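Counting from 1410, one number per residue, gives the positions in the sequence shown under my numbering. One structure is given here, and the rest of the page talks about it.
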Amino acid sequence: MGEFSLDGIAGVWERDARDGDGTELVLYFESDRLPPLVRARVGRVFERNGYLPPALSVGLQEREDWTREWRKGFTSFPLGNRFRVVPSWEAPPGGDDRIPIRVDPGLAFGTGTHETTQLMIEALESIGPSASGPVLDLGTGSAILSIAAALLGHRAVVACDVDRDAVGVARENLRRNRSDAELFVGSADAIAPGTIGLLLANLTADVIAELLDDIARLLRAGATAVFSGILLAQAEEVRDRIAGAGFRVGGRRVRGEWTVMVAVRSSH
Ligand code: SAH
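In structure tokens, the structure reads:
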């Protein structure tokens, strides 16, 4: 879904298709006219991921309506082994030893419902807070991974996103969870070389490939990098690229059509 950073997009919502077959993606734009080229670009994203071009329909909806409709369908749920995501408008359920993560997803990606986020959280839980050096949450979206990292005991967390609106949502969510993270609008090229002890990158295969040299540069030798957002169909190619950039690629976990890869940065 991160791939739908189309011009003027205000929100993406994935839901069961209304006719009961398959999945429907609802893309919201803050405009009463569809920005040019949206149809073609949506088609290309599908094609690149090995899907047939989707059937598209376009309609008008008041802003409040879609926010309300979206909220109705979003309630608290367990995430990984340790957490429960609780929307900002709900009270955390009592009698639960899961740690609440309070999120208001707003317009940013990262409610925790997506497989790629779940795989990332599970990998983070299994790594534990032993990493030496700060955590970098690259493409933070709603900041859900930064919040989880802080709650798991990682002391220094750095989070960034190229999407200014996402950073606004991330800031709110960090505050809501009293989680400390250094947050900025930008990407891997802004991080000093050899400084990061644990990288969390829930991006797409394309973006991972694009950022891989920067990622290799910013990690300490022996640092762990977790890559999520990789479709199974792309796994071999991505694994080779990561290995080629100076990593030992270890275990991978799969959920649905998605995989996560854990890699260790070799000595520089
Ligand atoms: N970390 C969250 C959100 C992942 S969605 C989670 O795991 O659920 C991916 C995010 O990466 C989006 O918010 C998108 O804006 C951001 N992004 C895309 N390309 C990027 C880049 N080159 N550098 C930094 N962030 C990027």
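We put the CB at the ideal spot given by N, CA and C, even for glycine. Bear in mind the structure is a predicted one, so any value in this text is a computation, not a measurement.
Burial state of residue i, where buried means 16 or more other Cβ atoms lie within 10 Å
i: residue 1484; result: exposed
i: residue 1531; result: buried
i: residue 1587; result: exposed
i: residue 1470; result: exposed
i: residue 1663; result: exposed
i: residue 1611; result: buried
i: residue 1461; result: exposed
i: residue 1543; result: buried
i: residue 1606; result: buried
i: residue 1628; result: buried
Per DSSP, the bridge partner or partners of residue i
i: residue 1543; result: According to DSSP, residue 1543 bridges with nothing at all.
i: residue 1488; result: 1492
i: residue 1679; result: Summary: the structure shown does not reach residue 1679, with the chain confined to residues 1410 through 1677, and so no result is reported for it.
i: residue 1670; result: 1636, 1661
i: residue 1656; result: 1674
i: residue 1511; result: 1495
i: residue 1550; result: Note: residue 1550 sits in no beta bridge, so no partner.
i: residue 1436; result: 1421
i: residue 1608; result: 1545, 1634
i: residue 1628; result: 1605
Beta-carbon contacts of residue i that lie in its chain and below 7 Å, excluding the five residues immediately before and after
i: residue 1410; result: Bear in mind that a pLDDT of 46 at residue 1410, under 50, signals an unreliable position, so the number given afterwards is only what the model happens to contain. 1421, 1423, 1518, 1523.
i: residue 1499; result: 1484, 1485
i: residue 1556; result: 1510, 1582, 1583, 1586, 1588
i: residue 1658; result: 1648, 1651, 1652, 1670, 1672
i: residue 1452; result: 1462
Close beta carbons around residue i, own chain, < 6 Å, minus the five adjacent residues each side
i: residue 1598; result: 1623
i: residue 1595; result: 1569
i: residue 1550; result: 1517, 1518, 1519, 1575
i: residue 1614; result: 1639, 1643, 1647
i: residue 1525; result: 1611, 1637, 1638, 1667
Sequence-distant residues of the same chain with beta carbon closer than 8 Å to residue i, five excluded per side
i: residue 1630; result: 1603, 1674, 1675, 1676, 1677
i: residue 1625; result: 1654, 1655, 1656, 1674
i: residue 1426; result: 1432, 1433
i: residue 1527; result: 1488, 1489, 1521, 1664
Distance cut-off 7 Å: residue i Cβ against heavy atoms of the ligand MN
i: residue 1519; result: As presented, the structure is devoid of the ligand MN, carrying the ligand SAH as its sole ligands.
**Asked** Is the segment 1649-1667 touching the segment 1549-1568 in the sense that three or more CB pairs, one from each, lie closer than 8 Å?
**Response** no
| Three or more C-beta pairs below 8 Å linking the segment 1632-1647 and the segment 1570-1577 | no
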